[in-house]
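Below is one structure, written out as structure tokens; the observations come after it.
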Amino acid sequence: TGDGSVGRTTTVRGRGTGTSSTEGGCGLTLTQREQRSNGHCCVRALKAQNGALQCRLLVLDRELKKEAIRANQREKALLAQLSAVHSELQMTALKYQKKFTEYSERIDSLTKTVAFSCKVKVSALRVLPLFHP
Numbered sequence: 001t002g003d004g005s006v007g008r009t010t011t012v013r014g015r016g017t018g019t020s021s022t023e024g025g026c027g028l029t030l031t032q033r034e035q036r037s038n039g040h041c042c043v044r045a046l047k048a049q050n051g052a053l054q055c056r057l058l059v060l061d062r063e064l065k066k067e068a069i070r071a072n073q074r075e076k077a078l079l080a081q082l083s084a085v086h087s088e089l090q091m092t093a094l095k096y097q098k099k100f101t102e103y104s105e106r107i108d109s110l111t112k113t114v115a116f117s118c119k120v121k122v123s124a125l126r127v128l129p130l131f132h133p
């Protein structure tokens, strides 16, 4: 498993376990070989475990740095996409604002033309006699 626990079966606890004669115990589990040979040294075992944990820490630290780099790259890519979409949205808004202004001006022009045309017709009707004798 990579953590050094393969083949370990008994916990070194000092008093109470009955399988270890280590007084004060280190809390680590003994391998079957250590049990048979009674060759467990708590200090050596703890140093070995500490070394393994230090190596694991280095590996995890490297992985963390790689993930941080990937996350930063992803964030930059997403920000670039967001910026592009924002620019596109602004261009589209300007385009539709221009069209809206053109249509509004056209409607105003048509309204004035129709209003003027109606005034001319009303004026012409006033000039014409309503009844013919």
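The numbering of the sequence shown is full-length UniProt numbering, which starts it at 1 and goes up by one. All C-beta atoms in this analysis are idealised placements derived from N, C-alpha and C, irrespective of residue type, glycine included. Please read all numbers here as calculations on a predicted model, not as lab measurements.
1) Following the continuous beta strand (DSSP E) through Leu30, name the residue where it begins and the one where it ends.
2) From Cys26, Asn38, Arg56 and Ile107, pick the residue whose C-alpha is nearest to that of Ala46; which is it?
3) Assign Leu82 to one of two classes, buried (16 or more other C-beta atoms within 10 Å of its C-beta) or exposed (fewer than that).
4) By the 10 Å Cβ neighbour count, where 16 or more other Cβ atoms means buried, how is Glu75 classified, buried or exposed?
5) Which of the three DSSP states is assigned to Cys118 in this structure?
6) What separation, rounded to the nearest whole angstrom, lies between the Cα atoms of Ala80 and Glu34?
7) Quick one: Cα of Thr111 to Cα of Thr101, how far?
8) Is the Cβ-Cβ distance between His40 and Leu53 less than 7 Å?
9) For Thr19, does the count of other Cβ atoms within 10 angstroms reach 16, so buried, or fall short, so exposed?
Taking the geometry as given:
1) Thr29 to Thr31
2) A quick correction: the sequence has Leu, not Ala, at residue 46. When only C-alpha atoms are compared, the closest one is Cys26.
3) exposed
4) exposed
5) helix
6) 60 Å
7) 15 Å
8) no
9) In this predicted model, Thr19 has a pLDDT of only 47, less than 50, meaning its place in the structure is not dependable enough to derive any value.
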